[in-house]
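Report on one structure; see the data block that follows.
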Amino acid sequence: MNVERHIELASNIERSLTRLGPDDHEIAIEAAMLAGTHWLNAALHADGVTAEDEDVIHCSMLVVNMVRKYAVAEPALVRALQEIEDLRPLHVRGDVPGGSAAGRRALELLTAMRLRAVGSVEARGSAHSADPLQEAR
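First residue of the sequence shown: 0, per numbering that gives the first Met the number 0; consecutive thereafter.
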């Protein structure tokens, strides 16, 4: 998938997130993970670290040397996605207290991921030079 398509999909997911309520933390975490993965892939492609046919699906499913490679290129994005992924077993598949706070944290991380990814893409002169969610705000 190319940079522009990752941006388009991540932006669509983020727009959908605006429809959720404060008690929808499971969906917020899942959507943050999915959109965050698109932001990471957009940045890695823009950085020239990965080819368009090499997309990250989950950090937890990568072999260690690939996580290290991606973390060298985009450490903040990889850390944020890993943190979002770590919320899933506790608050999506599990019922650990604090789900609403976890959902808010996932959305904070997602916002940081978007800003970082857009910065990476802009630095490389992609066609998407503006914040793709600006019109949605």
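Think of the CB as a built atom: it goes at the ideal place given N, C-alpha and C, for glycine as much as any other residue.
Nearest neighbour of residue i, chosen from the options [CA to CA]
| i | options | result |
| --- | --- | --- |
| residue 100 | 81, 110, 92 and 86 | 86 |
| residue 36 | 20, 12, 64 and 19 | 12 |
| residue 0 | 44, 63, 106 and 119 | 44 |
| residue 14 | 22, 34 and 21 | 34 |
| residue 104 | 30, 7, 18 and 2 | 30 |
| residue 109 | 32, 20 and 2 | 32 |
| residue 54 | 2, 63, 21 and 116 | 2 |
| residue 122 | 39, 46 and 20 | 46 |
| residue 20 | 38, 117 and 106 | 106 |
Distance, residue j Cα to residue i Cα
| i | j | result |
| --- | --- | --- |
| residue 98 | residue 4 | 31 Å |
| residue 42 | residue 73 | 8 Å |
| residue 9 | residue 49 | 18 Å |
| residue 77 | residue 92 | 22 Å |
| residue 129 | residue 120 | Because the pLDDT of residue 129 is 46, which lies under 50, any placement of that residue in the model is unreliable, and the question is left without a value. |
| residue 56 | residue 113 | 17 Å |
Proximal residues to residue i (C-beta, below 8 Å), its chain only, five neighbours per side dropped
| i | result |
| --- | --- |
| residue 111 | 75 and 79 |
| residue 68 | 48 |
| residue 90 | 24, 25, 28, 97, 98, 101 and 102 |
Test: residue i CB closer than 8 Å to a CB of chain B
| i | result |
| --- | --- |
| residue 113 | Annotation note: the requested chain B is absent from the structure, which comprises a single protein chain. |
Neighbourhood of residue i by C-beta, 7 Å cutoff - its chain only, sequence neighbours within 5 removed
| i | result |
| --- | --- |
| residue 58 | 66, 77, 80, 81 and 84 |
Sequence-distant residues of the same chain with beta carbon closer than 6 Å to residue i, five excluded per side
| i | result |
| --- | --- |
| residue 16 | 30 |
| request: Please specify which runs of the beta strand (DSSP E), each continuous and at least 3 residues long, are wholly inside the region 91-117, giving them in chain order. | output: Taking only runs of at least 3 residues, no beta strand (DSSP E) segment lies wholly in the region 91-117.
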